[in-house]
Each structure stands twice: as structure tokens, then as C-alpha cells.
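Numbering (UniProt numbering), first residue to last: 1 to 377.
Have a look at the structure below, then the notes.
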């Protein structure tokens with residue numbers, strides 16, 4: 001749980017990474033290790049900071065925290081002609097602290113929409129390679145899990161028991177630089193760069209229980225965020241990346257403190273031409289329709305939403321439903337936390353006309369201490 005999304009759901013608030021013990025919990029981007037590492041104090045953002053530059057900034061950076069985050073939807077065909085449908089999540093985090101080697105953690109998940117199952121895996125590695133600003137894109141490896149890309153032409157490969165993906169992605173729209181220049185200053189809390197590729201075509205293959213299937217149709221959403229910023233510790237967020245079938249995309253998130261109070265709200269809309277429009281938070285109204293209690297952790301998550309955007313330029317009402325209730329990741333071995341991130345369906349109205357779509361939602365901070373999912377306003 002970009003998601004945005006990454007500000008993003010992994011995001012704004014994250015990461016005093018690696019300064020916690022293996023037994024502790026955090027957010028996506030907060031990585032645990034078996035040893036206590038040097039704490040990092042928040043420092044004022046340098047002034048002025050240059051804007052994000054693409055494609056130069058596709059590659060790795062020498063900052064405290066960085067990640068490349070993909071979610072998407074795939075349709076593959078069996079030899080018999082039968083179609084199968086999947087959702088996927090694949091992320092790699094990079095963490096730099098003091099003079100220690102770079103630390104990498106990764107999550108890979110498949111939502112098998114046809115079978116009604118959810119499966120995930122996780123990996124981590126301390127790399128002897130010094131992180132750097134890549135000259136041309138990124139080339140990341142955690143064993144045979146790989147992530148490569150430059151200028152919106154990306155390649156992903158990951159495998160776990162029962163499932164594997166080998167995917168080629170091609171951006172259909174320019175990257176959306178959040179805040180206009182891709183720069184989010186936090187003052188004393190540091191700074192972050194963040195952009196999204198909200199619509200990427202996907203080709204390649206998926207292996208499903210030993211059977212290789214070619215991708216007939218696929219679309220993905222990619223988030224890249226990096227910077228020197230710290231975490232608020234015990235908060236959380238709800239993040240939505242919605243790809244509508246009329247060739248527009250919406251990103252919505254709420255960031256909350258430990259009590260559930262909303263600290264920040266974001267509403268972004270990308271039109272069919274690729275123009276990124278930030279809408280006022282006052283135009284967003286979200287209602288939780290259902291809740292779901294995890295049988296694995298006992299955490300209670302919202303599970304179904306009604307989102308209304310009342311801005312006159314883009315009036316929208318959407319119903320968002322999880323493809324599966326259980327899309328929870330317990331990834332304490334790599335990033336020390338638990339979160340829900342899963343495929344959703346979208347239907348509703350836009351400008352008074354019917355619209356449908358697909359999406360992903362990320363939910364963090366729903367620990368046992370918060371046994372009731374709060375409503376949005």
C-alpha cells in the first residue's frame with residue numbers, strides 16, 4: 001500500500017527505515033533488520049531544490065529512501081481460448097543509511113481473479129553495490145526478481161510458488177509529476193520527489209501453476225518516489241489508483257495520524273490526453289460501504305467505497321469493490337509491517353454518463369489498536 005501513492009501511499013509519511021528491529025512493525029518502505037542502525041535526524045530541505053527531470057530521474061538516487069512500485073491488471077489466454085484474469089503488485093524498495101551497503105526489499109503478489117485466490121512473496125538483500133544515480137534508467141535485481149526501465153519502457157520479472165511473470169511495459173501517457181514539478185517539500189521533515197505513470201500497456205507472459213500463458217491485454221500503474229524524509233511513526237493511509245475505461249485515471253489518498261484524523265488529502269485526475277489536474281480536497285467525499293476482518297491478523301479494513309468528486313469540471317461518482325476480500329500482505333520479514341493492497345473494480349458515472357474501470361487500493365495503519373475502520377467525511 002503507491003499507491004499516492006506512493007505524495008503516495010508509501011509516501012509522504014514514510015520511512016525512518018532500518019532504524020527498527022526485526023520484531024517491530026511499520027509501513028511499506030519501513031524496513032526491519034536484525035541490528036539497530038544509526039538513527040537519522042530530520043533536516044531542512046535544501047533551498048532551492050531542482051525539479052524532477054525525466055528520463056534522467058528514472059534511475060537510482062543517493063537518498064535515504066526510494067522505491068519503484070507497479071500494480072496492474074492482466075488478461076491471458078489458455079490454449080483452449082479461455083481467458084484468465086489477474087491483478088499483480090511488484091515493488092522494490094531501496095534504503096540507504098550511513099556507510100552501510102544499500103538495503104533492498106521487495107514484494108510480489110498475484111490476485112487470481114478467475115480462481116478467486118491471492119498469493120504473495122517477499123525478499124530482501126543487503127547489496128555490496130553502492131547506490132548511484134543511474135545514467136540511463138534503473139536495473140534492479142533481488143535474486144532472479146528483476147526490474148528494469150527507462151523513459152516509460154520497462155521490464156519486470158518475478159516468480160513464486162504457482163505464479164511467475166515476465167512483462168514488458170510501455171507508457172501510453174507522459175509521467176504525472178506531482179505538485180507540478182515532481183517535488184514535495186516537507187520543511188524540517190525533509191523532501192521527496194514523486195511521479196507516476198498512470199497508464200502503461202503490458203505484454204509478455206504469466207505462468208499459472210506451471211502453465212505459461214501469453215498476455216492478451218494488460219495495463220499497469222507505476223510510481224517512483226525518492227528523497228530524504230522521515231516517518232510520522234504510527235499513522236496510516238488509504239490510497240486509490242483508478243484506471244477508467246474512458247482512458248482517464250484518478251489518484252486519491254488520505255493520510256491519517258494514529259487517532260485516525262486526516263492530515264492530508266490528495267485528488268489527482270489525468271485526462272485522456274495525459275494532462276494532470278489536481279482537484280481541491282473539498283471536492284472529495286468518500287464513504288465506506290463495508291468492512292472486513294482479517295483471519296490472519298485480526299485487523300479490520302474498509303472493504304468497499306463510494307467516492308464522489310463534486311468539482312464542476314469533473315463531476316464523478318464511483319463505487320469501488322475489492323475483487324477479493326483477502327488481499328492482505330504480512331511482510332514482517334522484509335519491511336516489518338502488515339498492509340492490505342489489492343485489485344478492485346470500478347463503476348459509476350462521470351459527467352452523468354456510465355463509466356467503468358479497474359484499480360488498486362492500499363490500506364495501512366489498520367492495526368489491532370484500530371479495530372474499527374473510520375469513515376471518511
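All C-beta atoms, glycine included, are put in the ideal place defined by N, C-alpha and C.
| query | result |
| --- | --- |
| Cutoff 6 Å; reference residue 267; Cβ partners in own chain excluding five residues on either side | 252, 279, 284 |
| Cβ-Cβ separation, residue 156 to residue 167 (assumed contact under 8 Å), whole Å | 5 Å |
| Residue 212 burial status per 10 Å Cβ neighbour count (16 or more: buried) | exposed |
| Distance, residue 178 Cα to residue 265 Cα | 13 Å |
| The ligand GDP heavy atom lying under 7 Å from the CB of residue 325 | What this structure holds is no ligand at all, so the ligand GDP is not there to describe. |
| C-beta atoms of residue 75 and residue 238 nearer than 8 Å | no |
| Whole-angstrom C-beta distance between residue 348 and residue 361, which should lie under 8 Å | Their Cβ separation, rounded to whole angstroms, is 15 Å, which puts residue 361 and residue 348 out of contact at 8 Å. |
| Residue 59 vs residue 221 beta-carbon contact at 8 Å | no |
| Buried or exposed by the 16-neighbour rule on C-beta atoms within 10 Å, applied to residue 4 | For residue 4, the pLDDT reaches just 35, beneath the cut-off of 50, and the residue's location in the model is therefore unreliable, although a value from the coordinates is still provided. Buried is the call here. |
| Reduced DSSP secondary structure (H/G/I, E/B, other) of residue 58 | helix |
| Cβ pair residue 51, residue 236 closer than 8 Å | no |
| Unbroken beta strand (DSSP E) run spanning residue 321, endpoints | 316-322 |
| Sequence-distant residues of the same chain with beta carbon closer than 6 Å to residue 316, five excluded per side | 309, 350 |
| Length of the line joining the Cα atoms of residue 227 and residue 339 | 22 Å |
| Burial state of residue 263 (16 or more Cβ within 10 Å) | exposed |
| Separation of residue 88 from residue 272, as counted between CA atoms | 24 Å |
| Per-residue DSSP class, three states only, for residue 76 | strand |
| Nearest to residue 270 (by Cα), restricted to the options 195, 353, 191, 143 | 195 |
| Inter-residue spacing [alpha-carbon to alpha-carbon] between residue 65 and residue 105 | 11 Å |
| Paired residues, beta bridge with residue 302 - DSSP | 291 |
| Integer Cβ distance of residue 120 from residue 91, believed to fall under 8 Å | Contact doesn't hold; Cβ gap of about 11 Å is too wide. |
| Cα-Cα separation, residue 311 to residue 356 | 19 Å |
| C-alpha distance - residue 259 paired with residue 162, whole-angstrom precision | 40 Å |
| 8 Å contact criterion, which residue 302 and residue 363 should meet: CB distance rounded | 7 Å |
| Span of the beta strand (DSSP E), counted from its first residue to its last, around residue 146 | 145-150 |
| Coil, strand or helix - residue 170 by DSSP | strand |
| Residue 333 classed as buried or exposed, judged by whether at least 16 other C-beta atoms fall within 10 angstroms | exposed |
| Of the listed residues 214, 48, 165, nearest to residue 111 (C-alpha basis) | 165 |
| Residue 30, DSSP secondary structure in three states | The predicted position of residue 30 is uncertain, since its pLDDT is 38 and thus under 50; no value can be drawn from it. |
| Beta-carbon spacing of residue 85, residue 331 below 8 Å | no |
| Three-state secondary structure assigned by DSSP to residue 282 | helix |
| Residue range of the beta strand (DSSP E) that includes residue 111 | 103-112 |
| Sequence-distant residues of its chain with Cβ nearer than 6 Å to residue 320 (five each side left out) | 305, 344, 346 |
| Between the CA atoms of residue 210 and residue 365 - distance to the nearest angstrom | 36 Å |
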